[in-house]
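Trainee: Pasting a structure here, questions to come.
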Amino acid sequence: LLKPEHRSIGELDKLDFEDESIEQFGATRLEDLAWYQIQDAYACIMCFRCQEVCPAYNTGKVLSPAALEINKRYFLNDEGDRLARGEASEKTLLEFAITEEAVWACTACGACVEVCPVGNEPMRDILEIRRGLVLMEGQFPDLLQTAFRGMERSFNPWNVPPAQRMEWAEGLEIPTIEENPTPELLWWVGCAPATDVRARKVARAFAKILNAAGVNYAVLGRQEQCTGDSARRAGNEYLFYELAMANVELLNEVNPPRIVTLCPHCLHTLKNEYPAFGGHYEVIHHTQLIQELIAAGRLPLVEEEGDAGPVTFHDPCYLGRHNLVFAAPREVLDRSQVRRVEMPHHGAFSLCCGAGGAQMWKEEEAGDERVSIRRMREAKATGAETVAVGCPFCMIMLEDAATQMEGAPQVLDVAEIVAARLR
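Under the working numbering, the first residue of the sequence shown carries the number 835, and numbering increases by one thereafter.
Now the structure itself:
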């Protein structure tokens, strides 16, 4: 009850890089964590629910959220008096609480926070430790450097030149903000739909939907750049800070009445992270907008049931757990006349695809199997012929998993399913 006011599971505190008196960014030692994160150690009831739902732990990685909290408690029992006197602790968090390998195994899915009966947030501890490693020590997995460099130089982790950011729209009538300066809706396309070959197909399907419904919208075009979500989850807070400040300045100048995005990571960042930087916007996911358009009778859909076989919806972590959007994509699928089946783990208890927490840009730590394959096995077991998704990262991860098993379902974004059902 004494923690900060309610916030999204994944929302992090802003760091003040303008204050030259600050000597520590992120968490290197226990006392670098917020007071409520330290007290989480004694709030923990050792039920191990967090460990049971952790995608890293369940695929054989060394990460255990429960062990992190319990190790903090043991350390406080031994060193609490020293900390109470204001003395620095003798060991770093990596020396007693968690290993560096475990820190980088986290997908930032938020499942541990979702199930904790006492409100502990081990994921937040891990992200603060990442901040400390990156900002104070320059330590991070080598493969992340490519994504960091892409966001720094080309403003997207794919490192595609900004001049190519609108190539996905070739042959389509997509108004830019210069061409339509007063739209009712600003479409934040996102890095993946603008640059990744597979995700571009989703962008084109969504454009077909917007145009069919007669929506008054615009895109930022070449002015759009990465929201910085992957940089923040990877601990590179200064890179996130630079991207966030530039984006907020541009968005405040455009002053959109509403923003829609195809990516739950963009949704989360624009909606939950940018207010701390002066950006206050109404942001919705594309499945929510499609739901609205169908309800308003603006999308003429084929009424007969499709012949694509059963469809199961995979809840993206940053759409579901982090932003509580569960009903919209399912209602859209139902209105599209597909036969929908649920996986055992769905809604707030959906399994992660394995891409979150900047895992998209690095190799998974050693384990028994990849997180994405575990999820695809569950989807296949439902008998579904299609896995519907609402996130470009999930699409990429699950399609990759599908190539590694026989008879796996195809993966389609909800927008692709709807676009194919337009009359």
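Where a beta carbon is used, it is the ideal one built from N, C-alpha and C, also for glycine.
(1) Assess, as a yes-or-no matter, whether the region 997 to 1016 is touched by the region 1206 to 1218 under the definition of 3 or more beta carbon pairs within less than 8 Å.
(2) Look at the alpha carbon of P951 and the alpha carbon of A945, and state the distance between them as a whole number of angstroms.
(3) Would you mind sorting C881 into buried or exposed? The rule is 16 or more other CB atoms within 10 Å of its CB.
(4) From A1182 to A1249, what does the alpha carbon distance come to, in whole angstroms?
(5) How about P975 and L902: are their beta carbons less than 8 Å apart?
(6) The beta strand (DSSP E) that contains Y1108, what's its start and end?
(7) Would a C-beta distance cut-off of 8 Å place H1119 and T1095 closer than the cut-off?
(8) Determine the contact status of L1153 and G1062, defining contact as a CB-CB distance below 8 Å.
(9) Go through its chain and collect everything with a Cβ distance to E1165's Cβ below 6 Å, but skip five positions before and after it.
(10) Per DSSP, what are the beta-bridge partners of W992 in this structure?
(11) On the DSSP letters alone, give me the boundaries of the beta strand (DSSP E) that E1051 sits inside.
(12) Which term fits T1016, buried or exposed, when burial requires 16 or more other beta carbons within 10 angstroms of its beta carbon?
(13) Sorted by chain position, which residues of the same chain lie with C-beta nearer than 6 Å to A1028's C-beta, five sequence neighbours on each side aside?
(14) Would you identify the three-state DSSP class for D1247, choosing helix, strand or coil?
(15) How many angstroms separate the CA atom of R1169 from the CA atom of I1128?
(16) Could you tell me which of C1228, F982, K1196 and G844 sits nearest to R1208, measuring between CA atoms?
(17) Give the C-beta separation of R1067 and A942 to the nearest angstrom, bearing in mind that I take them to be a contact with Cβ-Cβ under 8 Å.
(18) How would you call R919, buried or exposed, if buried means at least 16 neighbouring beta carbons within 10 angstroms?
(19) Please state whether the Cβ-Cβ distance between C1100 and G984 is less than 8 Å.
(20) Considering only the alpha carbon of each residue, which of A1046, A931, V1159 and E962 lies closest to N1070?
(21) I think E913 touches E929, with their Cβ atoms under 8 Å apart; what is that distance to the nearest whole Å?
(22) Measuring straight from C-alpha to C-alpha, what distance separates I1230 and F909?
(23) Thinking C-alpha only, which one of G860, R1211, A1253 and A1039 is nearest Q973?
(24) Write down the C-beta distance between I1043 and A1253 rounded to the nearest angstrom, noting that I regard them as a contact closer than 8 Å.
(25) On a Cα-Cα basis, can you pick out the residue from S988, V1049, P1134 and A1046 that is closest to E1058?
(26) For W938, list the residues DSSP reports as bridge partners.
(27) Please report how far the alpha carbon of P1098 lies from the alpha carbon of Y876, in whole angstroms.
Mentor: From the atom records:
(1) no
(2) Between P951 and A945, the alpha-carbon positions lie close to 12 Å from each other.
(3) exposed
(4) One C-alpha to the other measures close to 22 Å.
(5) no
(6) Segment: none, Y1108 is in no beta strand (DSSP E) and carries neither H nor E.
(7) yes
(8) no
(9) Q1125
(10) Note: W992 sits in no beta bridge, so no partner.
(11) The displayed chain sequence assigns Tyr, not Glu, to residue 1051. Y1051 -> beta strand (DSSP E) spans Y1051 to V1053.
(12) exposed
(13) R999 and W1002
(14) strand
(15) 8 Å
(16) Comparing Cα positions, the closest option is C1228.
(17) 5 Å
(18) exposed
(19) no
(20) Checking every option, the nearest Cα to that of N1070 belongs to E962.
(21) That belief does not hold up - the Cβ atoms of E913 and E929 are roughly 12 Å apart, past 8 Å.
(22) 41 Å
(23) G860
(24) At roughly 6 Å, the Cβ-Cβ gap stays under 8 Å, so I1043 and A1253 are in contact.
(25) Here the closest residue by C-alpha is S988.
(26) W938 is not bridged to any residue.
(27) Looking at the two C-alpha atoms, the distance is approximately 33 Å.
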